[in-house]
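For reference, the structure discussed in these notes is given below.
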Amino acid sequence: MMTTRFPIATCLLIAVTLLPGHALAAQGESLADQLEAMNLARAGAVNRISYHQINGWTQLEDKYVVVHAGDSGDFLLRLRNRCKHLDPAMDVSFTASAGYVTTADRINVENESGFRDFCYISTITRLERR
Numbered sequence: 000m001m002t003t004r005f006p007i008a009t010c011l012l013i014a015v016t017l018l019p020g021h022a023l024a025a026q027g028e029s030l031a032d033q034l035e036a037m038n039l040a041r042a043g044a045v046n047r048i049s050y051h052q053i054n055g056w057t058q059l060e061d062k063y064v065v066v067h068a069g070d071s072g073d074f075l076l077r078l079r080n081r082c083k084h085l086d087p088a089m090d091v092s093f094t095a096s097a098g099y100v101t102t103a104d105r106i107n108v109e110n111e112s113g114f115r116d117f118c119y120i121s122t123i124t125r126l127e128r129r
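Now the structure itself:
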């Protein structure tokens with residue numbers, strides 16, 4: 000699996016291959032219902048996630064992604080734009096400011112056909128297990 004790096008003047012690009020990644024959204028199911036199905040609840044906003052702890056993701060909707068960060072737990076990323084190509088993505092990476100993923104960063108997606116999508120992070124919310 001190839002990791003793509005994008006030049007960014009103010010941020011260090013840290014490539015993180017995220018496995019497993021999958022979509023959970025059922026048609027018509029609300030975000031709250033999807034989080035409940037995962038036994039997760041919102042616990043409050045945070046400013047950053049340490050990039051080296053990220054080890055997986057689950058797409059809930061075009062604008063929401065749960066990032067799994069090992070011992071740090073799970074985080075809900077709300078995206079500024081729709082990220083419709085995230086589910087079939089083969090190559091996913093984050094831009095990371097000083098080793099942390101923040102709301103100034105984005106998810107970079109490249110699917111099997113080479114299509115690239117940039118999904119900008121709007122908010123980060125810590126999730127807790129129910």
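Per numbering that gives the first Met the number 0, the very first residue in the sequence shown carries number 0; after that it's consecutive.
Ideal placement from N, C-alpha and C gives every residue a C-beta, glycine not left out.
Check, Outcome
"Cβ-based neighbour list, D32, same chain, cut-off 6 Å, excluding 5 preceding and 5 following", "none"
"Through-space distance from R79 to D61, alpha-carbon basis", "10 Å"
"Buried/exposed call for N74, threshold 16 Cβ in 10 Å", "In the sequence on display, residue 74 carries Phe and not Asn. Burial call: buried."
"Alpha carbon of G55 to alpha carbon of E28, nearest angstrom", "22 Å"
"Opening and closing residue of the alpha helix (DSSP H) in which Q33 lies", "L30 to A36"
"Cβ neighbours of T3 in the same chain (closer than 8 Å, five flanking residues each side left out)", "With a pLDDT of 34 at T3, under the threshold of 50, the predicted position of this residue should be treated as unreliable, though the coordinate-derived value follows. Taken in chain order, the residues that qualify are A14, D90, S92, N107, E109 and R115."
"Simplified DSSP state of S71, which is helix, strand or coil", "helix"
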